[in-house]
Structures are given as C-alpha cells and as structure tokens.
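Read top to bottom, the protein sequences are chains A and B.
Sequential numbering from 997 applies to the first sequence in my numbering.
Sequential numbering from 5 applies to the second sequence in my numbering.
From the three backbone atoms N, C-alpha and C, an ideal C-beta is built for every residue, glycine too.
These numbers were taken from a predicted model, which means no experiment stands behind them.
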Amino acid sequence: MANKSESSAGDKTERLINLVLALLSAKKFLTKSQIFDVVKVRGEAAYQGAIESKDRMFERDKDDLRGMGIQIEVGGLDPLFDDEAGYRIKESQYALALPDLSPAELATLSIAATFWRDSALSSDTQSALRRLNSLGIPADTTNVGLIDLRYDTGDQNLELLNEAIESRTRVSFEYLGPRISQKSVDPYGLVLWNGFWYLLGMDSEIAEIRMYKLARISGTVSKSGKSGSYEIPESFSAANYVKTVLNEEKQIAKVKVRNGTSLTLTVQGQKLEQHDGWTLFEIPYESQVSFARTILWYGSDIEVVAPVSLRELLRSVLSEVARG
Amino acid sequence: MAETAIDRTKRALDLIPYVIERPGITVQELARDFVVSEKQIRADLDLLFVCGLPGYSPLELIDISTDDDFVDVIEPQLLDQPRNLTRREIVALVIALEALAASRNTLDPLRATITQLQGKLQGTLDKPISKPEVLNSEADPHGVLATIEQALAINRELEVEYLSAKSDNRTIRRIAPTRIYMQNGSGYLHAWCYNSIGERTFRIDRIVRADLLENSDPIENRTSHDSDAAQQIVVGLRSGAREFLERHRGICTVDSVTDDETVVRVHVEDTNWLLRTLIGYGSAVRIEKPAEIAAELREMAREALALYTR
C-alpha cells in the first residue's frame, strides 16, 4: 500500500511536469481531449479512466499548477466548430520576471527573508529566494548574514490576519487582555509599532475599532465568517489610527535630573534651568505608563515635577514597591 | 510529514534553472540548498530525466548528467527559466521588507531600495496586496547602522560614542563588531569591546556616532576579564507585567502559570539592569527569590520615593 501511494505521488509529479511542458510548448490552445491524447507518463497516457475521472484529475492539476504560481491561459474557442475551451502556458508568464533586479536588491531580499525564519512562510520565502537566485544576477553577499530580524510575535497569525484583511473575513481568537476573553473581529489593518505587531479591527460585540497586540493572541486565529462579509472604510489607515490615538496623549513632562545622569533620557528633552546639582528638563512623551517606566529606571536620579498625574502615579508605584 | 506531489513538482521544476546557473554543482550542495536529503535530490533528477515534451523521443526529453555527483543540465527543454513567484510568496516578501524597513533610519539608503523592491514585487500582481504598516522606526535614530554593516562586511573595527543607560554615562569605545540583530524592533550590536575587555551587546539606538577605524590591528588574544556569573532570579509577573516577558523572552524560563500570575526564572548577569527594569512594572512584579535581591528592589524604591515625600 505504502509503495503504491509512493509511486502514484511520483506519477503525479511526472504528470504535472509533463503537463507544464505540453502547455508551454503548445503553439495553439490545447483542448482537453488533445491534452488527454498527448500527455504521457513513461509511455502511457497520463490521464486514464472514464472521461469524468480524467476531467476531475485535470481540473485538480490545473488548480495545483495555479497554486504554484503558474498561470494557465484559457481561450481558443472556435465558435464555428465546437465550444471546447483550450489551454496553454505562455513562457513569459511562466517565468519569474522582476524588472532590472540588481545584486543589491537581491541581497536585500535575502536579509528580509530572515524575518520568516521559524514560521510556516519560511519554506515559501526560501523557495522564492532560490528562484530569484536562478535569474543569473551576480550575488552581492556583502551584507547577507550580518543581520537577523527577530520578532517574537506569532508570525503565523500575522500571515493569517493579512489574508483575512485581504479577503474581508471575520476572525475570532482568544485574547489575553486584563483577563482572557474570546474576540470576534472584522480585521482592518496591521501595524508594526514600537517593536510589536498590532491588529486593528472592528470588535463585533461592541461595534468599535480596537487595537490588539498579536503577542497577546493565544493560539491560532481562526476565520469565523465568509469572505467579503464587511467593508473597510476607504478613509481608514491603520497607521493614522494609531497616530491619532498617540497624539491625543502626547504630553510634556517637567523633570528634575541629577546633573550628569539620565543621559539617554535627557538627550530627548529641552534644558530649562540648573541649580543645586540638579537640572530641570522638559521632555515630551506619549504613553504615561511607558514613560513612567523609563523614569523609574533612573531611580533616585530623576524627580518628576509635572504633570501632577504622573507624579502621583510614580509616588504610588514607588510606595507599593517599597512596602514589598 | 509526507511530501506532496505539489512540493516535489515545485522543487523539480526549480532544480533545472538553479543548476543551469551553477554548472557542475554537486548533489550534496543541492541537498543543502533545497533543504532535502541527497537521496531525494537524486530521485528528483532521475524523475526529471524521464520527463519531456509530447512525443517523448530522446530529443524531446529533459537531459541531465550527474557524473560523480557533479550535476549539469544538458537539455532543459522549456524549463530553463525559474518559475514565477506566487502571490503568497510575494506577500511574505513584501511583509518581510516592511519589517526590515522598520529597523532603518529614514535617511538610510536601504530604505529607498526597499521601497523600490516592494514596488517591483507588487507590480507583478493584478491586485495589490494590503500590506501591514510600520510606525516610528527608531531602531537607528542616529543613522549609524549602515556604517556598522560596512565595518562587519569589510572586517574593520569601529570607534563608537555610546550612551549607556546602565552605567548612565557617555563613553568613546573601540570595538570589533561581530553581529547585528533586530529583536522586536530594537537593534543590537554584538561586539568585542577593547575598553571593557570583553564581549558586549550595544543598543544601536544609543550609539550616537560610529566611525570606521583605519588599519586597526586586530588583537589576537581576546580573553575576557568579565567575572559576572549568570544568576537566576525567580520573579512573579501579574498581567500588568506581561510585557516584561514579551520583551525579554530570551532570558526567561517560565516555571508556572496561574490565572493571575506567571512565575519565571530570569537568567541575568547584571542584576542592576534587572532591578531597574522590574521597578518600572511596580506591584505587578514580585521577586520571589533570592531574598536579598527582593530587598534591593525595595531599597531602590525607598530611595526614589524620598524625592516625592519631602
């Protein structure tokens, strides 16, 4: 049994390759019956059995080839004689063509591909790179291998979500918010912000746009609707949405810094005045929580003067930690 | 997982132009490049050998020679060109390029290359793909990454001006870079540092200047003077501190997960770094052991609190 399925898998590979070659070499569109006639595997007709089963087999083969990126043209109907469609593959459409791809661009693609290293898309990008490296473009490997792109995000979800956005398909997933909950979302866009990927979408329960961190989606996203089941407003831009949210929160803090300390923070600010070994700075910030975290890093070298809400936040956090 | 006929067909089709580009490549090299066994490559070549154009006379068959494991394509028939990219592959490459762009300064010449490439890739599709967007790329605010890459590529040393958050000072160091990586949007440079006499990891966004050194003599004996030994600190993280785990997964081992707390062992050499990081998460963090580290954290908070209770 194992032997049989193995050999039939080999047969199928041969059949697909010979079908590609037959369609590539066709001067005119080949009808199905011509294809069943001429395509052979080791001397025998590649399509065997009743006409329905040949048909089914051929339809599957066509789908498989299209899934490999091979475009099969349909045409050649001759209205005077019969109405049978014909098929062929144009050499220009079979072949990979990226206009004027330079060695530097090819190298850039190799570096970028490290992004998918551990994901399901890794084999796709590696296969794409092997073909790009078969184009006869000299390799510029100067920078290849010097940089690794690493993101801890579930990249499998990244791909699924991108696909769901393209096909306008509702998704559902388990989300680790303040507590674990099940979300059902019409995905609008993906944003890479501050080192993490976020999904923006319409939460179907509350009918409002929300932001979800991909790192907090537990397990795999599943499609829960039909494709084309919603519209994304034309004016919607994920990046603009995030920017708006951030700008609403943009604030300036006044902080007293012990002279000569907190260098990585004070380079971002404006010096105001100096006395008693301390310097007053104005520093812009976006999120209160993450700015507070930066301030806390410097311990007793920084004191926030304003805004009061930030000062109060720090005081309460510090007293909690001091109590232990 | 058993391979499908589709995967095998793809590889067989792709082998031909790959070999044409590299005449005389060995079966071993092909196995490495296509990430399959040598036996599989031989089987694929055998299979191609019996495929061809309708008619299937010797003149119409694909011809490949494998003398002593050196592979050559003698007659590719019509399969001399690499197969076109699939939509899925293009999407994957466009997203990956976007992530690469996010790591670069806006003035970096690579940004222009990336934009151009994305245009070329999208141009091959009938329907444009929706690609993720990237906000504030601040991995390289001082534009030093291109110089560091150049140093790595031509094996040269660098003089860098570095702002250390840890020791809170600005230093000028001579370093020999060994590798760059981007972790969750931040760039890191791993290098031998002559000033610290040891291997160090630098945050690229804190390197304010990098200059190539002319004719630097590589120092042969790089014996580290580091004496720090890695420690294990057991920390309980509540939901408010989940980001700590997301940002530093590489140094954390998760011990237990309950509804309201995840207990992790953090492996660090530098406990000062850990304390300064953990204090930012306030009461969402609890140091379980060692007790003296927990006490240090409380003391650190007390000192800072004094500023707010005067």
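Note that the region 168–180 of chain B does not touch the region 117–128 of chain B; fewer than 3 beta-carbon pairs, one per stretch, sit closer than 8 Å. Between Val77 (chain B) and Ile20 (chain B), the gap from beta carbon to beta carbon is short of 8 Å. For Arg207 (chain B), no alpha helix (DSSP H) segment is defined; the enclosing uninterrupted segment is the beta strand (DSSP E) at Gly202 to Arg207.
For chain A, the residues of the region 144–169 of chain B that bring a beta carbon within less than 7 Å of one of its beta carbons are Glu153, Leu156, Ala157, Leu167 and Ala169, in chain order.
By the C-beta criterion, the region 1177–1192 of chain A is judged to be in contact with the region 1227–1237 of chain A, since at least 3 inter-stretch pairs fall below 8 Å. In chain order, Asp144 and Gly147 place their CB closer than 6 Å to the CB of Asn109 (chain B), counting only its own chain and leaving out the 5 sequence neighbours on each side. Residue state for Ala1108 (chain A) is assigned as helix, using DSSP reduced to three classes.
Residues Thr128 of the same chain have their beta carbon placed closer than 8 Å to that of Asn88 (chain B), with the five preceding and five following residues left out of the count. The count of Cβ pairs closer than 8 Å, one atom from the region 42–55 of chain B and one from the region 1152–1159 of chain A, stays below three, leaving the stretches out of contact. The C-beta of Asn1014 (chain A) comes closer than 8 Å to at least one C-beta of chain B.
Chain-ordered, the chain B residues with CB closer than 7 Å to the CB of Ala1235 (chain A) read Glu137 and Leu139. In this structure, A:Ser1220 is the residue among A:Pro1174, A:Ser1214 and A:Ser1220 with its C-alpha nearest to the C-alpha of Asp1182 (chain A). Contact between the region 244–254 of chain B and the region 202–215 of chain B is not established, with fewer than three Cβ pairs separated by less than 8 Å. Cα atoms of Glu1170 (chain A) and Ile237 (chain B): separation of roughly 30 Å, rounded to the nearest angstrom. Here the alpha carbons of Glu1299 (chain A) and Ser168 (chain B) stand approximately 20 Å from one another. Against chain B, the CB of Ser1130 (chain A) has a partner CB under 8 Å away; the residue lies at that interface. Secondary structure of Pro294 (chain B) (DSSP, three-state): coil.
The beta-carbon of Thr1260 (chain A) is placed less than 8 Å from the nearest beta-carbon of chain B. In the three-state reduction of the DSSP assignment, Glu1069 (chain A) falls in the strand class, which pools E and B. Bounds of the alpha helix (DSSP H) holding Ile20 (chain B) are Ala9 to Glu25.
Around the beta carbon of Thr8 (chain B), fewer than 16 other beta carbons lie within 10 angstroms, which makes this residue exposed. Within chain A, Asn1158 and Glu1162 have C-beta atoms less than 9 Å from the C-beta of Ile133 (chain B), given in sequence order.
Val1016, Leu1017, Ala1018, Leu1020, Ser1021, Val1034, Val1035 and Lys1036: these are the residues of the region 1016–1036 of chain A whose beta carbon lies less than 8 Å from some beta carbon of chain B, given in chain order. Residue state for Asp72 (chain B) is assigned as coil, using DSSP reduced to three classes. Of all residues in the region 272–284 of chain B, only Arg280, Thr281, Ile283 and Gly284 place a beta-carbon less than 8 Å from a beta-carbon of chain A. Between Glu1055 (chain A) and chain B, the shortest Cβ-Cβ separation is not below 8 Å. Residues of the same chain with a CB within less than 6 Å of the CB of Ala1116 (chain A), apart from the 5 flanking positions on each side, are Gln1152 in chain order.
Following the DSSP letters along the chain, one finds Gly1320 (chain A) in no beta strand (DSSP E), marked with neither H nor E. Listed as beta-bridge partners of His271 (chain B) by DSSP are B:Gln236. Around the beta carbon of Val1317 (chain A), 16 or more other beta carbons lie within 10 angstroms, which makes this residue buried. Taking 8 Å as the Cβ-Cβ cut-off, the region 1077–1092 of chain A approaches chain B at Glu1087, Gln1089, Tyr1090, Ala1091 and Leu1092, given in chain order. At a cut-off of 8 Å between C-beta atoms, Leu217 (chain B) does not count as an interface residue with respect to chain A. Identification of residues in the region 114–130 of chain B having a C-beta nearer than 8 Å to some C-beta of chain A yields Leu114, Thr117, Ile118, Gln120, Leu121, Lys124, Leu125, Gly127 and Thr128, given in sequence order. By the criterion of a C-beta distance shorter than 6 Å, Glu1080 (chain A) is surrounded in its chain by Thr1027, once the five residues flanking it on both sides are discounted. For Asp37 (chain B), a Cβ of chain A is located within less than 8 Å of the residue's own Cβ. Rounded to whole angstroms, the separation of the alpha carbons of Leu1061 (chain A) and Val23 (chain B) is 22 Å.
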